[in-house]
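Enquirer: Residue numbers (my numbering), protein chains in the order written: chain L, 365 to 697; chain X, 51 to 307.
A virtual CB, placed ideally from N, CA and C, is assigned to each residue, including glycine.
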Ligand SMILES: Cc1cc2nc3c(=O)[nH]c(=O)nc-3n(C[C@H](O)[C@H](O)[C@H](O)COP(=O)(O)OP(=O)(O)OC[C@H]3O[C@@H](n4cnc5c(N)ncnc54)[C@H](O)[C@@H]3O)c2cc1C
Ligand SMILES: Nc1ncnc2c1ncn2[C@@H]1O[C@H](COP(=O)(O)O)[C@@H](O)[C@H]1O
């Protein structure tokens with residue numbers, strides 16, 4: 365691909381008509397980069413029937429163009445058809461950069477795409493900038509969050525990046541923005557489809573997603589036993605947040621792995637992270653250090669978690685957590 | 051299966067002058083995610099009589115991890131190494147691994163970890179799949195069925211899981227949930243000590259020199275820095291009731307409640 369490549373693309377991650385928050389965050393960020401470099405932001409929407417997705421909202425959130433690719437094989441995310449179609453679009457329009465949300469499908473598609481296009485990919489970025497000469501400059505954590513690396517793709521285009529959830533603010537929709545919807549021509553394109561999706565099972569059951577929650581309340585070994593996690597859950601519910609856990613609590617079988625925060629679990633970056641009975645091991649910190657506000661409740665004043673906590677309460681979680689739940693319920697009623 | 055050796059990541063130091071991460075002197079271990087990949091491969095072998103070959107790209111020290119893999123139950127190990135491979139980014143690494151796997155020949159299933167603990171890009175597995183033209187399934191948490199030319203598996207998603215089926219050969223990347231890795235036995239370790247591990251370089255692989263090392267790597271790491279320090283904040287004093295009231299007042303003042 366040539367150096368003349370232009371415009372910043374954002375892949376629209378959607379399911380059942382609902383667009384993922386990280387897509388909106390990426391649109392907001394792309395808008396900022398595009399404004400600084402006189403480029404357009406394109407929202408790239410793959411679907412079997414794009415009618416279910418609100419394209420006006422994509423434009424209000426920063427897109428100049430919504431590029432729609434419709435095909436029966438794009439009914440649900442699968443690596444083969446998505447890679448084939450996106451490759452075709454990239455070759456037809458030659459974008460300069462392409463931002464994909466670091467969701468389970470985005471993290472599967474982006475590296476496959478990078479290999480097919482033989483271009484550079486910066487994974488799970490926490491920030492993206494635009495440089496007049498270098499184009500996309502990506503900031504991503506390495507070594508379990510102990511290092512922040514700046515990754516560049518000097519020559520190859522498009523420059524690919526996956527963006528971690530909640531790394532950029534969600535834009536306020538501006539309904540006065542205008543843009544156009546363009547239909548991509550897929551006629552004659554051969555689309556492979558080797559892996560079949562038999563079933564998609566949701567296990568969260570309507571709970572707030574850990575990575576998307578504004579408030580995360582986590583419990584550790586200090587919670588003591590599985591039944592006591594009801595206290596943590598009650599506080600999370602009172603905050604309308606999600607429940608997390610340390611690996612010690614997960615390994616003990618008190619909470620399912622899906623709740624684990626840390627180096628070998630999920631990375632969260634909520635507005636408030638409340639750690640209850642968690643010592644603050646470096647592998648745990650790797651998953652929550654970038655939260656805006658950290659609250660630690662721990663009975664040991666020397667626990668390392670206090671070194672990163674914005675607010676610390678030295679005390680017994682069995683006393684503090686129920687009081688806190690009540691106080692929050694009272695204050696937010 | 052593809053195995054990477056990584057440094058223990060808890061105490062990495064940054065070499066400011068060289069603008070790189072200084073990993074000298076750190077304990078080197080099998081990438082934790084790759085222990086799940088290896089365990090899964092060995093379980094398949096135990097159930098089906100398949101053979102397990104471990105491929106790793108890296109310097110001499112990697113032999114120690116390959117021996118550990120043999121002691122766990124792998125049948126063969128190959129190391130890919132050449133001065134020309136140094137400075138390979140995930141794309142170049144995937145290219146090299148794919149050439150190594152191609153040279154090994156006959157394979158039904160390639161298993162990678164979901165990501166490496168050091169660079170943690172998660173890019174190499176899908177890169178190898180693309181390079182070999184294979185279908186892929188990432189973030190596999192369970193293999194439900196495996197038979198001649200066919201696999202059915204569960205893939206972890208953000209809010210649950212999917213059940214997928216597809217043809218073999220295929221490349222999969224696995225998550226921690228898939229199994230509980232065994233430890234290498236002492237006897238196995240003793241035996242593995244005596245094994246000579248073949249080392250294949252650029253010419254053994256018949257690899258294109260322009261696709262390895264810096265020339266085959268579209269990305270460069272321009273800078274490494276420690277994350278912005280987070281200083282300890284304030285300890286809230288008082289009786290439990292007072293502590294809780296103060297905390298809620300502070301959170302409300304910052305409009306986060
Ligand atoms: C390769 C590797 C990967 C890892 N990945 C992760 C990961 O992803 N996530 C993770 O969390 N860990 C991870 N760990 C484990 C990590 O090193 C710690 O062992 C773990 O985080 C400890 O969990 P904890 O804080 O709940 O338990 P502990 O360290 O045992 O701490 C419990 C804390 O609870 C406090 N406490 C006890 N009772 C009370 C009470 N009644 N009221 C208030 N406080 C109380 C204690 O003072 C103590 O500070 C990993 C380790 C390794 C080696
Ligand atoms: N140098 C390497 N040698 C062998 N396998 C590797 C190497 N680098 C990465 N891999 C494989 O690719 C997976 C993902 O690594 P990464 O893309 O670096 O996060 C790892 O879990 C390994 O299975």
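Among all the DSSP beta bridges, which residues are the ones paired with residue 462 (chain L)?
Expert: Counting from one through the first chain, the residue named residue 462 (chain L) turns up at place 98. Bridge partners of residue 462 (chain L): L:373, L:524.
Enquirer: Report buried or exposed for residue 551 (chain L), applying the criterion of at least 16 other Cβ atoms within 10 angstroms of its Cβ.
Expert: Reading the first chain from its first residue, position 187 is the one you call residue 551 (chain L). Its Cβ having fewer than 16 others within 10 Å, residue 551 (chain L) is exposed.
Enquirer: Quick one: which residues of the stretch 672-697 of chain L get their C-beta closer than 7 angstroms to a C-beta of chain X? List them in chain order.
Expert: Listed by position along the chain: 672, 673, 674, 675, 676, 677, 678, 679, 683, 684, 687, 688, 691, 692, 695, 696.
Enquirer: Considering only C-alpha positions, which residue in the set X:177, X:208, X:305 is nearest to residue 191 (chain X)?
Expert: Walking along the second chain from the start, residue 191 (chain X) turns up at place 141. Among X:177, X:208, X:305, the Cα nearest to that of residue 191 (chain X) belongs to X:208.
Enquirer: Output needed in chain order: residues of the stretch 472-487 of chain L with a Cβ under 9 angstroms from some Cβ in chain X.
Expert: Listed in sequence order: 472, 473, 474, 475, 476, 477, 478, 479, 480, 482, 483, 484, 485, 486, 487.
Enquirer: Could you pull the start and end residues of the alpha helix (DSSP H) that residue 694 (chain L) belongs to?
Expert: Position 330 of the first chain, counted from the start, is the residue given in the question as residue 694 (chain L). Residue 694 (chain L) -> alpha helix (DSSP H) spans 681-696.
Enquirer: Short of 6 angstroms in beta carbon distance, which residues of its chain neighbour residue 206 (chain X), apart from the five on each side in sequence? Order them along the chain.
Expert: Translated into the one-based positions of the second chain, residue 206 (chain X) becomes position 156. Result list for residue 206 (chain X): 189, 191, 225, in chain order.
Enquirer: How would you list, in chain order, the residues of chain X whose beta-carbon sits under 8 angstroms from the beta-carbon of residue 670 (chain L)?
Expert: Here residue 670 (chain L) refers to the residue found at position 306 of the first chain. Residues of chain X passing the Cβ test: 282, 285.
Enquirer: Can the beta-carbon of residue 462 (chain L) be found less than 7 angstroms from the beta-carbon of residue 561 (chain L)?
Expert: What you label residue 462 (chain L) is simply residue 98 of the first chain in a count that begins at 1. What you label residue 561 (chain L) is simply residue 197 of the first chain in a count that begins at 1. Their beta carbons are not under 7 angstroms apart, which means residue 462 (chain L) does not touch residue 561 (chain L) by this criterion.
Enquirer: Any C-beta of chain L sitting closer than 7 angstroms to the C-beta of residue 293 (chain X)?
Expert: Against the second chain, residue 293 (chain X) aligns to sequence position 243. Interface residue, yes.
Enquirer: Whose C-alpha, out of L:588, L:533, L:508, L:492, is nearest the C-alpha of residue 516 (chain L)?
Expert: As a position in the first chain, residue 516 (chain L) is number 152, starting the count at 1. Of L:588, L:533, L:508, L:492, the residue nearest in Cα terms is L:492.
Enquirer: For ligand 3, is there a heavy atom less than 6 angstroms away from the beta-carbon of residue 81 (chain X)?
Expert: With respect to ligand 3, the structure offers nothing, as its ligand set consists of ligand 1 and ligand 2.
Enquirer: List the residues of chain X whose Cβ lies closer than 7 angstroms to the Cβ of residue 558 (chain L), in chain order.
Expert: The residue you call residue 558 (chain L) lines up with position 194 of the first chain. Ordered by position in chain X, the residues that pass the 7 angstroms Cβ test against residue 558 (chain L) are 185, 216, 217.
Enquirer: Got a sec: is the Cβ-Cβ distance from residue 513 (chain L) to anything in chain X below 7 angstroms?
Expert: For the purposes of this step, residue 513 (chain L) is identified with residue 149 of the first chain, where counting begins at 1. Yes - at least one Cβ of chain X is within 7 angstroms of the one on residue 513 (chain L).
Enquirer: Since residue 380 (chain L) meets chain X, which of its residues come closer than 8 angstroms, beta carbon to beta carbon?
Expert: Here residue 380 (chain L) is taken as the residue at index 16 of the first chain, counted from 1. Correct list: empty, because the minimum Cβ distance to chain X is about 12 angstroms.
Enquirer: Let me confirm a value: residue 333 (chain L) is counted as buried when at least 16 other C-beta atoms fall within 10 Å, else exposed. Which label applies?
Expert: Outside the shown range of chain L (365 to 697) lies residue 333 (chain L), about which nothing can therefore be said.
Enquirer: Assuming contact is defined by CB atoms lying nearer than 7 angstroms, are residue 420 (chain L) and residue 534 (chain L) in contact in what I supplied?
Expert: For the purposes of this step, residue 420 (chain L) is taken as the residue at position 56 of the first chain. For the purposes of this step, residue 534 (chain L) is taken as the residue at position 170 of the first chain. No.
Enquirer: On the DSSP bridge assignment, give the partners of residue 662 (chain L) in chain order.
Expert: Residue numbering aside, residue 662 (chain L) sits at position 298 when the first chain is read from its first letter. BP columns for residue 662 (chain L) point to L:678.
Enquirer: Hey, is the stretch 634-646 of chain L in contact with the stretch 250-268 of chain X, meaning 3+ C-beta pairs nearer than 8 angstroms?
Expert: The stretch 634-646 of chain L is not in contact with the stretch 250-268 of chain X.
Enquirer: When you measure from the CB of residue 489 (chain L) to every non-hydrogen atom of ligand 2, does any distance come out below 6 angstroms?
Expert: Stepping through the first chain from its first residue, residue 489 (chain L) is reached at position 125. No, Cβ of residue 489 (chain L) sits at least 6 angstroms from all heavy atoms of ligand 2.
Enquirer: Looking at the secondary structure, which residues open and close the beta strand (DSSP E) in which residue 433 (chain L) lies?
Expert: Translated into the one-based positions of the first chain, residue 433 (chain L) becomes position 69. Its beta strand (DSSP E) spans residues 429-434.
Enquirer: For a cutoff of 7 angstroms on Cβ pairs, would you count residue 157 (chain X) as touching chain L?
Expert: Indexing the second chain from 1 puts residue 157 (chain X) at position 107. With 7 angstroms as the cut-off, residue 157 (chain X) does not count as an interface residue toward chain L.
Enquirer: Quick check: the stretch 403-416 of chain L against the stretch 370-390 of chain L, are at least 3 beta-carbon pairs closer than 8 angstroms?
Expert: Flag = yes, the stretch 370-390 of chain L and the stretch 403-416 of chain L touch.
Enquirer: Flag residue 213 (chain X) as yes if its beta-carbon sits less than 7 angstroms from any beta-carbon of chain L, otherwise no.
Expert: Residue mapping note: residue 213 (chain X) aligns to position 163 of the second chain, counting from 1. Chain L, which has a Cβ nearer than 7 angstroms to the Cβ of residue 213 (chain X), makes this yes.
Enquirer: Here's the rule I'm using: 16 or more other beta-carbon atoms within 10 Å means buried, otherwise exposed. How should residue 565 (chain L) be labelled?
Expert: Walking along the first chain from the start, residue 565 (chain L) turns up at place 201. Looking at its Cβ environment, which holds fewer than 16 other Cβ atoms inside 10 Å, residue 565 (chain L) is exposed.
Enquirer: Less than 7 angstroms between the beta carbons of residue 119 (chain X) and residue 267 (chain X), yes or no?
Expert: Within the second chain, the letter at position 69 stands for residue 119 (chain X). Within the second chain, the letter at position 217 stands for residue 267 (chain X). No, they are not a contact pair.
Enquirer: With DSSP run on the structure shown, which of helix, strand or coil describes residue 389 (chain L)?
Expert: Within the first chain, the letter at position 25 stands for residue 389 (chain L). Here residue 389 (chain L) sits in helix by DSSP.
Enquirer: Where do the N-terminal and C-terminal ends of the beta strand (DSSP E) with residue 637 (chain L) fall, by residue?
Expert: What you label residue 637 (chain L) is simply residue 273 of the first chain in a count that begins at 1. Per DSSP, residue 637 (chain L) belongs to the beta strand (DSSP E) from 636-640.
Enquirer: Look at residue 675 (chain L) and residue 283 (chain X) and say whether their C-beta atoms are less than 7 angstroms apart.
Expert: For the purposes of this step, residue 675 (chain L) is identified with residue 311 of the first chain, where counting begins at 1. For the purposes of this step, residue 283 (chain X) is identified with residue 233 of the second chain, where counting begins at 1. In this structure, residue 283 (chain X) lies closer than 7 angstroms to residue 675 (chain L) by Cβ.
Enquirer: Rounded to whole angstroms, what's the CA-CA distance from residue 63 (chain X) to residue 183 (chain X)? Just pull it up for me.
Expert: Within the second chain, residue 63 (chain X) is the residue found at index 13, counting from 1. Within the second chain, residue 183 (chain X) is the residue found at index 133, counting from 1. Rounded to the nearest angstrom, the two C-alpha atoms are 38 angstroms apart.
Enquirer: Cα-Cα, which of L:428, L:368, L:442, L:397 is closest to residue 379 (chain L)?
Expert: In the first chain, counting from the first residue as 1, residue 379 (chain L) sits at position 15. Ranking the options by Cα distance to residue 379 (chain L), first place goes to L:442.
Enquirer: For ligand 2, is there any heavy atom lying closer than 6 angstroms to the beta carbon of residue 474 (chain L)?
Expert: By 1-based counting over the first chain, the position of residue 474 (chain L) is 110. No; taking the cut-off as 6 angstroms, the Cβ of residue 474 (chain L) has no heavy atom of ligand 2 nearer than that.
Enquirer: How would you list, in chain order, the residues of chain L whose beta-carbon sits under 8 angstroms from the beta-carbon of residue 304 (chain X)?
Expert: In the second chain, residue 304 (chain X) corresponds to position 254, counting from 1. Those are 657, listed as they occur along chain L.
Enquirer: Looking at the C-beta of residue 71 (chain X), does it have a partner C-beta in chain L at a distance below 7 angstroms?
Expert: Locating residue 71 (chain X) in the second chain gives position 21, counting from the first residue. Yes, residue 71 (chain X) counts as interfacial toward chain L.
Enquirer: Closest by CA to residue 413 (chain L), which one among L:394, L:438, L:397?
Expert: Position 49 of the first chain, counted from the first residue, corresponds to residue 413 (chain L). Here the closest residue by C-alpha is L:438.
Enquirer: Where residue 151 (chain X) and residue 129 (chain X) are concerned, what is the direct C-alpha to C-alpha distance, given to the nearest angstrom?
Expert: For the purposes of this step, residue 151 (chain X) is taken as residue 101 along the second chain, with counting starting at 1. For the purposes of this step, residue 129 (chain X) is taken as residue 79 along the second chain, with counting starting at 1. So the alpha carbons of these two residues sit roughly 11 angstroms apart.
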